[in-house]
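Below you'll find the structure, written out as structure tokens, and then a few comments.
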Amino acid sequence: MAESRVKFDEDSSNGLFIEEKYIPEEILSLILCYVDHKTLLACQLVCKQWQFIMQDFVWHKIAELRLGRVIPKNKSVPWQLYYFSCTKPFEKNLIKNHSGELGLNAHWTVTASGGNGWKVEAPPHGVPPLPDDPVFEDKVYCFVTSFYVNPSSRHAQNVDILSCHKFQIVDLIKEGFAEYLLDNFQPKIKVSEWIASRWDCSATYGCDFQLIGVKNKKKVRVFDFKRMITELKAENNTQNEWIKVEYTFEGYGKGLRKIKFMHGGQDRRFWRGHYGSKMAGACVKVENPLFDVDNDSV
5 MAESRVKFDE
15 DSSNGLFIEE
25 KYIPEEILSL
35 ILCYVDHKTL
45 LACQLVCKQW
55 QFIMQDFVWH
65 KIAELRLGRV
75 IPKNKSVPWQ
85 LYYFSCTKPF
95 EKNLIKNHSG
105 ELGLNAHWTV
115 TASGGNGWKV
125 EAPPHGVPPL
135 PDDPVFEDKV
145 YCFVTSFYVN
155 PSSRHAQNVD
165 ILSCHKFQIV
175 DLIKEGFAEY
185 LLDNFQPKIK
195 VSEWIASRWD
205 CSATYGCDFQ
215 LIGVKNKKKV
225 RVFDFKRMIT
235 ELKAENNTQN
245 EWIKVEYTFE
255 GYGKGLRKIK
265 FMHGGQDRRF
275 WRGHYGSKMA
285 GACVKVENPL
295 FDVDNDSV
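Going by the working numbering, the sequence shown opens with residue 5, and the numbers climb by one from there.
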């Protein structure tokens, strides 16, 4: 005859005795808060009592300690979100060599280098200083493009027709984002970059941000942007100033695994040298979905 299952009683002291010594639940909870998050996954399997303590209190508290901020208690938040917050993959720039500090080719794949090709400037020439943005990490580097070679590219509508363009692939799995997290919580993804053109030469900038699915075949979502940075008049002037291009992907569905960041540009006067659009601070950040949860049920 099969044994009947014993219903878990959260008031029971089972699991609170270690080597025949009673450990109050409050003390055990605090001890577990200082165990690394990977070991804690195994701790949940010790017994029902430990699992209850961890999912009711410990994971939430650990997330607060790791992130250094108060997180409103919300029973609708699954414990997995607190766990993923402890791994700290969120809110950091996933683009490597975002402004050219490591040179032109480090982490980037150059797909076109027309005119006199790509160049890295430090500091940027012919434009104001870089904006006060943490993405630059107090560095003064930027990428700069050259003149167009193919006359048809002067009015190009796609990034890959511009005289200079390159891309970088962000592998979210290698960056520490679990497939379960990406598929079930679909965190917001913020993509941005600062762009400018010289005071004496108008330019064109273009970018193409792609969310790539499983097996590198399916494009989950795409954002295309093209901007003429030209000598417009009065309040509409966009030349000789830094402009931030930004876009947020959300609700993109299951299957996201990689992000392709592509950008490019050229000048609009066919001047020899590097008078094309400038770009710096390329940035891809995955936001923590923990802070998108509706707190009405707190």
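Built from N, CA and C at the ideal position, the CB exists for glycine as well.
Just reading off the beta strand (DSSP E) that residue i is part of, what are its end residues?
| i | result |
| --- | --- |
| Gln270 | 262–271 |
| Trp198 | 193–200 |
| Cys146 | 146–148 |
| Tyr87 | Where Tyr87 is concerned, there is no enclosing beta strand (DSSP E), although the alpha helix (DSSP H) it sits in stretches over 83–90. |
| Glu95 | Per DSSP, Glu95 belongs to no beta strand (DSSP E) and is neither H nor E. |
| Ile247 | 247–253 |
| Ser117 | 113–117 |
Need the endpoints of the alpha helix (DSSP H) that residue i sits in, please.
| i | result |
| --- | --- |
| Lys52 | 52–57 |
| Lys42 | 41–47 |
| Lys65 | 63–71 |
| Asp187 | 183–188 |
Taking the beta carbon of residue i as the centre, do at least 16 other beta carbons fall within 10 Å, making it buried, or is it exposed?
| i | result |
| --- | --- |
| His129 | exposed |
| His278 | buried |
| Lys282 | buried |
| Ala126 | exposed |
Tell me whether residue i sits in a helix, a strand or coil according to DSSP, three-state version.
| i | result |
| --- | --- |
| Cys205 | coil |
| Glu179 | coil |
| Ile31 | helix |
| Asp304 | Outside the displayed range of the chain (5 to 302) lies residue 304, so it cannot be described from this structure. |
Between residue i and the rest of its own chain, which residues show a CB-CB distance below 8 Å, the 5 nearest in sequence each way excluded?
| i | result |
| --- | --- |
| Trp275 | Phe151, Cys205 |
| Lys192 | Thr252, Phe253, Glu254, Val290, Glu291, Pro293, Asp296 |
| Ser33 | Ile57, Phe61, Val62, Lys65 |
Tell me which residues share the same chain as residue i and place their Cβ nearer than 7 Å to its Cβ, disregarding the 5 neighbours each side in the sequence.
| i | result |
| --- | --- |
| Gly285 | His102, Ser103, Asp137, Val139, Phe140, Glu197, Trp198 |
| Ile173 | Lys262, Lys264 |
| Gly107 | Val124 |
| Trp83 | Gln59, Trp63 |
Within the same chain, show all residues whose beta-carbon is closer than 6 Å to that of residue i, passing over the 5 residues directly before and after it, in chain order.
| i | result |
| --- | --- |
| Glu105 | Lys143, Tyr145 |
| Lys42 | none |
> Is it a yes or a no for the region 67–77 touching the region 46–55, going by three-plus beta-carbon pairs under 8 Å?
Replying inline: No, they do not touch.
> Do three or more CB pairs link the region 177–196 to the region 109–116 at distances below 8 Å?
Replying inline: Contact between the region 177–196 and the region 109–116 is absent: fewer than 3 CB-CB pairs across the two stretches fall below 8 Å.
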